[in-house]
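What follows is one structure encoded as structure tokens, with my remarks underneath.
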Amino acid sequence: MPADTVPSGREPVPCRVVVCRDCCCGTPKVTGVDHSAQTARLRAEVPVRVSACLDVCEQANVIVVQPSAEGRAAGARPVWLGLVNDPDATEDIVAWARAGGPGVAPRPDILDLYAITPARRRTAR
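Sequential numbering of the sequence shown, starting at 247, is according to the working numbering.
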């Protein structure tokens, strides 16, 4: 079956967002951020999974935008974003994810400023 064909009765797998909420992300260690409101805003628009520590604490708050099935078929990989500590950045992530996310919609230029390399990739090199 072609990658862009969805079996009858099934919806395509959408772009998803993983929000780190553990030891540093989502805690008072990152001041001036309404962490609950950030998570709620994302959940209102796109599928969200709350994660334990993603091991990039120095980049708190960390959000990972995972490609949809269509994005993966186009070769996209998850995009890690760090220091997502303001509502404007959250809105940019929402808009990108709603537009299709990695591999489907171009990443807004402003989000290039938030792009990070996860720890396991840094140490694997």
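No residue lacks a Cβ here, since even glycine has one placed at the ideal position from N, Cα and C. These numbers were taken from a predicted model, which means no experiment stands behind them.
query	result
Between which two residues does the beta strand (DSSP E) carrying Arg262 extend?	Arg262 to Cys266
Leaving aside the five residues before and after Arg323 along the sequence, list all residues of the same chain whose C-beta is less than 8 Å from its C-beta, in chain order.	Pro313 and Pro348
Going along the chain, which residues of its own chain have a beta-carbon closer than 6 Å to the beta-carbon of Cys303, five neighbours each way excluded?	Cys270
Kindly indicate the opening and closing residues of the alpha helix (DSSP H) around Ile339.	Pro333 to Ala345
Let's test the definition: count the other Cβ atoms within 10 Å of the Cβ of Pro260 and tell me whether it reaches 16, buried, or not, exposed.	buried
Which ranges would you report for the beta strand (DSSP E) in the stretch 269 to 319 if only whole runs of at least 3 residues count?	294 to 297 and 309 to 312
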